[in-house]
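Numbering (the working numbering), first residue to last: 15 to 181. Step one of this worksheet: look at the structure below.
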(Lines of atoms letter the chains of each structure in order from A and count residues from 1; the text may use other names and numbers.)
(Lines give C-alpha, C1' and ligand atoms only; values in the text may rest on other atoms or scores of the structure.)
Protein backbone atom coordinates (compact mmCIF):
# COMPACT_ATOMS: atom_id res chain seq x y z
CA UNK A 1 0.00 0.00 0.00
CA UNK A 2 1.28 3.42 -0.95
CA UNK A 3 1.68 5.88 1.86
CA UNK A 4 -0.45 9.03 1.49
CA UNK A 5 1.39 12.31 1.99
CA UNK A 6 -0.11 15.73 2.54
CA UNK A 7 1.14 19.29 2.30
CA UNK A 8 -0.60 22.63 2.57
CA UNK A 9 0.36 26.11 1.49
CA UNK A 10 -1.17 29.55 1.58
CA UNK A 11 -2.35 30.77 -1.82
CA UNK A 12 -3.75 34.23 -2.56
CA UNK A 13 -7.26 32.77 -2.19
CA UNK A 14 -6.86 30.43 0.74
CA UNK A 15 -5.02 27.36 1.88
CA UNK A 16 -4.47 24.67 -0.73
CA UNK A 17 -4.10 21.07 0.45
CA UNK A 18 -2.21 18.62 -1.74
CA UNK A 19 -2.36 14.87 -1.13
CA UNK A 20 -0.48 12.21 -3.01
CA UNK A 21 1.69 9.15 -2.98
CA UNK A 22 5.40 8.99 -3.75
CA UNK A 23 4.46 8.79 -7.44
CA UNK A 24 1.31 10.81 -8.13
CA UNK A 25 -0.95 13.57 -6.88
CA UNK A 26 -4.36 12.36 -5.67
CA UNK A 27 -6.01 15.67 -4.80
CA UNK A 28 -5.54 19.41 -4.81
CA UNK A 29 -8.31 21.09 -2.87
CA UNK A 30 -8.98 24.42 -1.19
CA UNK A 31 -9.26 24.17 2.57
CA UNK A 32 -11.31 26.40 4.82
CA UNK A 33 -8.55 26.25 7.45
CA UNK A 34 -7.02 29.55 8.50
CA UNK A 35 -3.53 28.22 9.20
CA UNK A 36 -1.16 25.91 7.34
CA UNK A 37 -0.81 22.85 9.56
CA UNK A 38 1.15 20.59 7.19
CA UNK A 39 3.80 22.54 5.27
CA UNK A 40 6.23 20.88 2.89
CA UNK A 41 8.83 19.12 4.99
CA UNK A 42 12.06 17.18 4.57
CA UNK A 43 10.09 13.93 4.18
CA UNK A 44 7.71 15.31 1.53
CA UNK A 45 8.00 13.33 -1.72
CA UNK A 46 9.32 15.14 -4.79
CA UNK A 47 5.94 14.87 -6.54
CA UNK A 48 4.25 16.90 -3.77
CA UNK A 49 7.08 19.45 -3.65
CA UNK A 50 6.93 19.82 -7.43
CA UNK A 51 3.13 20.16 -7.38
CA UNK A 52 3.26 22.94 -4.79
CA UNK A 53 6.01 24.73 -6.76
CA UNK A 54 3.96 24.58 -9.97
CA UNK A 55 0.83 25.84 -8.20
CA UNK A 56 2.79 28.71 -6.64
CA UNK A 57 4.11 29.59 -10.11
CA UNK A 58 0.53 29.52 -11.41
CA UNK A 59 -0.60 31.93 -8.70
CA UNK A 60 2.34 34.26 -9.51
CA UNK A 61 1.33 34.25 -13.18
CA UNK A 62 4.46 32.36 -14.23
CA UNK A 63 2.79 29.07 -15.26
CA UNK A 64 -0.14 28.33 -17.55
CA UNK A 65 0.26 24.54 -17.90
CA UNK A 66 1.06 21.79 -15.44
CA UNK A 67 3.35 18.79 -15.74
CA UNK A 68 2.71 16.74 -12.65
CA UNK A 69 1.67 13.10 -12.49
CA UNK A 70 -1.80 12.71 -11.07
CA UNK A 71 -4.46 10.08 -10.77
CA UNK A 72 -8.12 10.32 -9.92
CA UNK A 73 -10.68 7.70 -9.06
CA UNK A 74 -14.07 8.03 -10.68
CA UNK A 75 -16.59 6.45 -12.98
CA UNK A 76 -15.91 6.10 -16.69
CA UNK A 77 -18.20 9.09 -17.32
CA UNK A 78 -16.41 11.23 -14.71
CA UNK A 79 -13.05 10.30 -16.23
CA UNK A 80 -14.29 11.45 -19.66
CA UNK A 81 -15.46 14.76 -18.23
CA UNK A 82 -12.23 15.36 -16.32
CA UNK A 83 -10.19 14.53 -19.39
CA UNK A 84 -12.25 17.03 -21.43
CA UNK A 85 -11.63 19.70 -18.77
CA UNK A 86 -7.89 19.47 -19.37
CA UNK A 87 -8.43 20.51 -23.00
CA UNK A 88 -9.99 23.87 -22.07
CA UNK A 89 -7.27 26.42 -22.81
CA UNK A 90 -5.81 28.67 -20.14
CA UNK A 91 -7.83 31.89 -19.63
CA UNK A 92 -10.78 30.59 -21.64
CA UNK A 93 -14.15 29.26 -20.56
CA UNK A 94 -16.62 26.80 -22.04
CA UNK A 95 -20.10 25.78 -21.02
CA UNK A 96 -21.17 22.57 -19.36
CA UNK A 97 -23.06 21.87 -22.59
CA UNK A 98 -19.87 22.19 -24.64
CA UNK A 99 -18.17 19.63 -22.40
CA UNK A 100 -21.19 17.31 -22.75
CA UNK A 101 -20.92 17.60 -26.56
CA UNK A 102 -17.14 17.10 -26.45
CA UNK A 103 -17.57 13.74 -24.71
CA UNK A 104 -20.42 12.66 -27.01
CA UNK A 105 -23.21 13.03 -24.45
CA UNK A 106 -25.01 16.15 -25.67
CA UNK A 107 -27.92 15.85 -23.26
CA UNK A 108 -25.84 15.05 -20.16
CA UNK A 109 -25.31 18.68 -19.11
CA UNK A 110 -26.38 18.10 -15.49
CA UNK A 111 -24.28 14.95 -15.25
CA UNK A 112 -21.29 16.96 -16.54
CA UNK A 113 -21.94 19.52 -13.81
CA UNK A 114 -22.09 16.75 -11.23
CA UNK A 115 -18.83 15.17 -12.48
CA UNK A 116 -17.23 18.61 -12.53
CA UNK A 117 -18.14 19.09 -8.86
CA UNK A 118 -16.41 15.82 -7.97
CA UNK A 119 -13.07 16.84 -9.51
CA UNK A 120 -10.44 16.61 -6.77
CA UNK A 121 -7.62 18.16 -8.81
CA UNK A 122 -8.48 21.85 -8.56
CA UNK A 123 -6.69 24.16 -11.01
CA UNK A 124 -4.64 21.36 -12.62
CA UNK A 125 -7.86 19.84 -13.99
CA UNK A 126 -9.45 23.26 -14.58
CA UNK A 127 -13.09 22.84 -13.56
CA UNK A 128 -13.16 26.57 -12.76
CA UNK A 129 -13.18 27.27 -16.53
CA UNK A 130 -16.63 25.72 -16.97
CA UNK A 131 -19.54 28.17 -16.90
CA UNK A 132 -23.27 28.19 -17.57
CA UNK A 133 -24.55 28.39 -21.15
CA UNK A 134 -25.72 31.93 -20.36
CA UNK A 135 -22.12 32.96 -19.59
CA UNK A 136 -22.72 33.14 -15.84
CA UNK A 137 -20.53 31.54 -13.22
CA UNK A 138 -22.24 28.57 -11.68
CA UNK A 139 -21.28 26.12 -8.94
CA UNK A 140 -17.71 25.59 -7.90
CA UNK A 141 -16.72 23.34 -5.01
CA UNK A 142 -13.98 25.82 -4.04
CA UNK A 143 -16.57 28.69 -3.81
CA UNK A 144 -17.76 31.05 -6.53
CA UNK A 145 -15.53 33.80 -5.12
CA UNK A 146 -12.47 31.64 -5.81
CA UNK A 147 -13.78 30.65 -9.25
CA UNK A 148 -14.21 34.31 -10.13
CA UNK A 149 -10.69 35.10 -8.83
CA UNK A 150 -9.12 32.25 -10.83
CA UNK A 151 -10.81 33.30 -14.07
CA UNK A 152 -9.89 36.96 -13.58
CA UNK A 153 -6.31 35.98 -12.68
CA UNK A 154 -5.91 33.90 -15.85
CA UNK A 155 -7.34 36.66 -18.06
CA UNK A 156 -4.97 39.24 -16.53
CA UNK A 157 -1.95 36.95 -16.92
CA UNK A 158 -2.93 36.18 -20.52
CA UNK A 159 -3.22 39.90 -21.34
CA UNK A 160 0.28 40.50 -19.93
CA UNK A 161 1.67 37.54 -21.87
CA UNK A 162 0.07 38.82 -25.11
CA UNK A 163 1.35 42.36 -24.64
CA UNK A 164 4.82 40.96 -23.96
CA UNK A 165 4.61 38.89 -27.16
CA UNK A 166 4.82 35.57 -25.27
CA UNK A 167 1.81 34.03 -27.04
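Note that beta-carbon positions come from the ideal geometry of N, C-alpha and C, so glycine has one too. Computed from a prediction, not measured in an experiment: that's the story for all the values here.
8 Å Cβ cutoff met for residue i and residue j
i: residue 138; j: residue 80; result: yes
i: residue 126; j: residue 104; result: no
i: residue 158; j: residue 133; result: no
i: residue 50; j: residue 71; result: no
i: residue 102; j: residue 108; result: yes
i: residue 136; j: residue 42; result: yes
i: residue 75; j: residue 171; result: yes
i: residue 64; j: residue 36; result: no
i: residue 117; j: residue 66; result: no
Residue i - containing alpha helix (DSSP H), residue span
i: residue 111; result: 110-116
i: residue 167; result: 158-177
i: residue 70; result: 60-73
i: residue 91; result: 90-99
i: residue 126; result: 123-131
Buried/exposed call for residue i, threshold 16 Cβ in 10 Å
i: residue 58; result: buried
i: residue 69; result: buried
i: residue 174; result: exposed
i: residue 166; result: exposed
i: residue 114; result: buried
i: residue 130; result: buried
i: residue 143; result: buried
i: residue 53; result: exposed
i: residue 26; result: exposed
i: residue 149; result: exposed
Terminal residues of the beta strand (DSSP E) in which residue i lies
i: residue 119; result: Careful: residue 119 lies outside any beta strand (DSSP E) and carries neither H nor E.
i: residue 30; result: 28-34
i: residue 22; result: 19-25
i: residue 151; result: Per DSSP, residue 151 belongs to no beta strand (DSSP E) and is neither H nor E.
i: residue 39; result: 39-45
Cβ-Cβ separation, residue j to residue i (assumed contact under 8 Å), whole Å
i: residue 151; j: residue 162; result: 6 Å
Next on the checklist: Whether or not the stretch 48-58 and the stretch 80-95 are in contact is what I'm after, with contact meaning three or more pairs of Cβ atoms, one per stretch, closer than 8 Å; do they touch?
Outcome noted: Result no; under three Cβ-Cβ pairs closer than 8 Å.
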